Structure formats: structure tokens, C-alpha cells
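Using the UniProt record's numbering, you'd call the opening residue of the sequence shown number 1 and step up by one each time. Some notes on the structure that comes next.
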Amino acid sequence: MRTQNRRRHLVGIIAIIVSAVVFLIPFAFILITSFKTQQQASLLDFSLPIDFVFFENVAAVFATNDFMLVTAFINSSILTVASVAIMVILSAMVGWILARRQSRWNGVFSFLILAGLIVPPAVVPTIWVLQSIGLFKTLPGLVLIEVAYGMAFCVLLFRSFVSTIPKELDEAAIIDGAGPIRLFFKVAFPLLKSVIVTAIVVQAVAVFNDFANPLYFLPGAENATVQLTLFNFQSQYATSWNLLFTDILLITIPPLLMYIFFNRQIVEGMTAGAIKG
């Protein structure tokens, strides 16, 4: 018994060390470099800064390209809120129906959902579709793209959790005269609180940190999102490493805070279906 406990402690210690190496050391390097001048940052070494110019770097990052970072934060915030709101509501509805109504089409729907997780997106045909409906280079068009790419994961999450909710609650609500819409929003939706928080945090971080989709489907400086502002400090012949890492630090803070404050809810939502089901 003691041997097993020692092995568990040893495995836990190794996991902590590996996590520190993979996550904390790169973050520490970003933080230290953001305090340096351009000359010292260009060395790309893990040394303490000689001159602390963090606030000067932050001011320079915000002022670059007529305060492009401010516009990017606004665009990313709108994109994240709209995409996640639509994604969560639609995925909850689909997951509820798939878990509650058994039909011969459920296998087909499950295959399509899994295909949404496995099949890579086709960029050129998607651009052609967006151009055909007049949504290319527009924020609503990118919202639809994010919803389409993120729904498969959310549907699987909601369907797994809904299967743990007793069907007697549905029957009691129907006996009390609740229709389908009222049944879902008054009875079912409040019961999905933990998995809703999980879906919101995971997808909000994914959408906020998305680089490829805004690059392909939302070109233009006025449409820039936070990840695309990294191009401001890189060129073919030179890179302002101090400003680049300061920009990375600034756009990392919102997702990092979400994970810190909602870590427990994320774990509960991800494991609820597996534990109860």
C-alpha cells in the first residue's frame, strides 16, 4: 500500500515538473522579454532585463498602427461573445434532442458530428460560399464560421451531459402544460449550468485565440483580431522581439484569467457525463 502511494506521489511530482517545463517556463520567458529593451530582447536569452521598460513597451504596442490593438480587442470581443452565444444555445438544443429522441437517424447525425471534429476545413470552398452570400470580409461571416467549426465539440459535450438528467423531469413538465420551447428553456437549460460554463470558457478561449480563421476569412487592417496584431512587429528582415512578446502577453491575459477563475467548473462539466452516465 505504501509502495502504491509512493508511486502515485512520484507520478504527481513528475507531472507537475513536466507541466512547469511546458507551460510556466515559456510564459516566464515571454514575461521577462516584455520588460527588456529592443537591443537586449534581440539576444533571445533567458536573462533578467538591464533596463525595465515594460510600460514603455505596452504604450508602444497600443500606439502601433493607429491603436490597432484597441480595434483588434473590440473585434475579438464581439466575435467571441456572438460566436459562443450562438454556439452554446444551438448546441444545447441539438444535444438535448439527440439524447432524448431515439430514431434511426441518430447514427447519421452522430457520424456527421464526429466528421465535424475530424475532417479539416476547406478554406477555398468556404471563401467561395461566403463571397456568394456577401459575407466574406465581414464579422457576421466569421461568426458563422466559428459557430460551424465549434458546434461539433459542444454538441458531444451537451449530449453526454443530457443523458444523465432523468427523463421524469420532462414528463412532469409536459404534464404541467409545458411546450417544447418552454420545456427546454425553463426546465432543461438551467440544469445544464455546469456544462454551459465549460462550453463557454473552452470555446471563448478557442475563438479569442483563433489565428487561422480571421486570417483567411476576415482580411483587412480594420477587421484585425488580437492574434493578427502579431504581424505588426514582424517583418522579413527584422523583428521587434520586446514589442512582440509584450503583445503576446497582453492578448494572453484574458484567456488565462478565464481558465484561472473557471478551472473547477471546466473540470466538472467535462467529467459530469462520464461520472454520472
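Glycine included, C-beta positions come from ideal geometry on N, C-alpha and C. Computed from a predicted model, the values in this text were never measured in an experiment.
{"Item": "Check the C-beta distance from residue 72 over to residue 229 and give it rounded, since I have them as a contact under 8 Å.", "Value": "5 Å"}
{"Item": "Taking only the alpha-carbon atoms, compute the straight-line gap between residue 16 and residue 124 and give it to the nearest angstrom.", "Value": "42 Å"}
{"Item": "Under the rule that 16 or more other beta-carbon atoms within 10 Å means buried, what is residue 348, buried or exposed?", "Value": "Only positions 1 to 277 of the chain appear in the structure, and residue 348 is not among them; the question remains open."}
{"Item": "Three Cβ pairs or more, each shorter than 8 Å: is that satisfied between the segment 190 to 204 and the segment 154 to 166?", "Value": "yes"}
{"Item": "For the alpha helix (DSSP H) holding residue 60, just list the boundary residues, first then last.", "Value": "54 to 100"}
{"Item": "I'd like to confirm the pairing. Which residues does DSSP put opposite residue 239 in its beta bridges?", "Value": "234"}
{"Item": "Pull up the distance between the alpha-carbon of residue 219 and that of residue 213, whole angstroms please.", "Value": "10 Å"}
{"Item": "Sorted by chain position, which residues of the same chain lie with C-beta nearer than 7 Å to residue 60's C-beta, five sequence neighbours on each side aside?", "Value": "243"}
{"Item": "Which first and last residues belong to the alpha helix (DSSP H) in which residue 50 is found?", "Value": "Residue 50 -> no alpha helix (DSSP H), and no H or E assigned at all."}
{"Item": "Distance check for residue 176 and residue 95, CA to CA, integer angstroms please.", "Value": "24 Å"}
{"Item": "Specify, as a first and last residue, the run of the alpha helix (DSSP H) that residue 217 falls within.", "Value": "212 to 217"}
{"Item": "Taking the alpha-carbon of residue 204 as reference, which of 259, 233, 240 has the nearest alpha-carbon?", "Value": "259"}
{"Item": "Can you check whether the CB of residue 150 is closer than 8 Å to the CB of residue 68?", "Value": "no"}
{"Item": "Is DSSP giving residue 44 helix, strand or coil here?", "Value": "coil"}
{"Item": "Can the beta-carbon of residue 75 be found closer than 8 Å to that of residue 246?", "Value": "no"}
{"Item": "Check this for me: beta carbons of residue 211 and residue 227, under 8 Å apart or not?", "Value": "yes"}
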